[in-house]
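For reference, the structure is listed below as structure tokens.
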Amino acid sequence: MSQPASRPISRLDVFIARMTAQKAFLEQVAAALDVAGPVLELGLGNGRTFDHLRTILPDREIFVFDRAVTAHPASIPDGDHMIVGEIRDTLAFCGPRVGALAALVHCDLGTGDPTADLVKRAWLSPLIAERTAPGGYVASGIALDMDGFDELPRSDAAERGRYWLYRKSR
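Residue numbers (the working numbering): -16 to 153.
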């Protein structure tokens, strides 16, 4: 649904656009995923996206990173797949625990504050790039700056919702 030119976009409009884009991108990747490796979910939050990922990618191992676990009990991964701590630290050193490079990294760590997101982008981009397999995908609520990745086309909802999709060059 397009917005009338005279009406500003509300925070609710942005949230709905972001969730619409997030769901569309994750389902697009799930249908096209031809790379071996686990899924990394950066930010468990209330667990909705983790629950959706395990539904659309039932044969993939999913590792979830967050500084604390506050999700509904039905949406929390088991102890082997929940990595608790500051993501800046745990993502940097998760290689031995996770094993293979990720086929998909989903990053839902945006704050909506442009300055805070730029700071996060600076340390997060190289960590994600290092943990993504060649040919792997990254879906993110923060615009990332990663050498060797192609930014894939975005819908109007993704543009309004500040959501990006990348693929690592082979």
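Where is the CB? At the ideal position from N, CA and C, for every residue including glycine. Every value quoted in this text rests on a predicted model; they were computed, and no experiment measured them.
{"Check": "For the beta strand (DSSP E) that residue 49 lies in, which residues bound it at each end?", "Outcome": "45 to 49"}
{"Check": "What are the start and end residues of each continuous alpha helix (DSSP H) run of 4 or more residues lying completely inside the region 25 to 87, in chain order?", "Outcome": "31 to 39, 70 to 73, 78 to 81"}
{"Check": "Have a look at residue 113 and residue 59 and give me their C-alpha separation to the nearest angstrom.", "Outcome": "25 Å"}
{"Check": "Hey, out of 134, 72, 132, 87, whose CA is closest to residue 49's CA?", "Outcome": "72"}
{"Check": "Counting only the same chain and skipping the five closest in sequence on each side, list residues whose C-beta sits under 6 Å from that of residue 44.", "Outcome": "21"}
{"Check": "Hey, quick one: how far does the alpha helix (DSSP H) through residue 0 stretch, first residue to last?", "Outcome": "-6 to 15"}
{"Check": "Going by alpha carbons, who is nearest to residue 96 out of 124, 139, 42?", "Outcome": "124"}
{"Check": "Do residue 120 and residue -3 have their beta-carbon atoms positioned less than 8 Å apart in this structure?", "Outcome": "no"}
{"Check": "Return the CA-CA distance between residue 80 and residue 92, expressed in angstroms with no decimal places.", "Outcome": "22 Å"}
{"Check": "Closer than 8 Å by C-beta to residue 90: which residues in its own chain qualify, once you throw out the five before and the five after it? Chain order, please.", "Outcome": "25, 26, 107, 111, 121, 122, 123, 124, 125, 127"}
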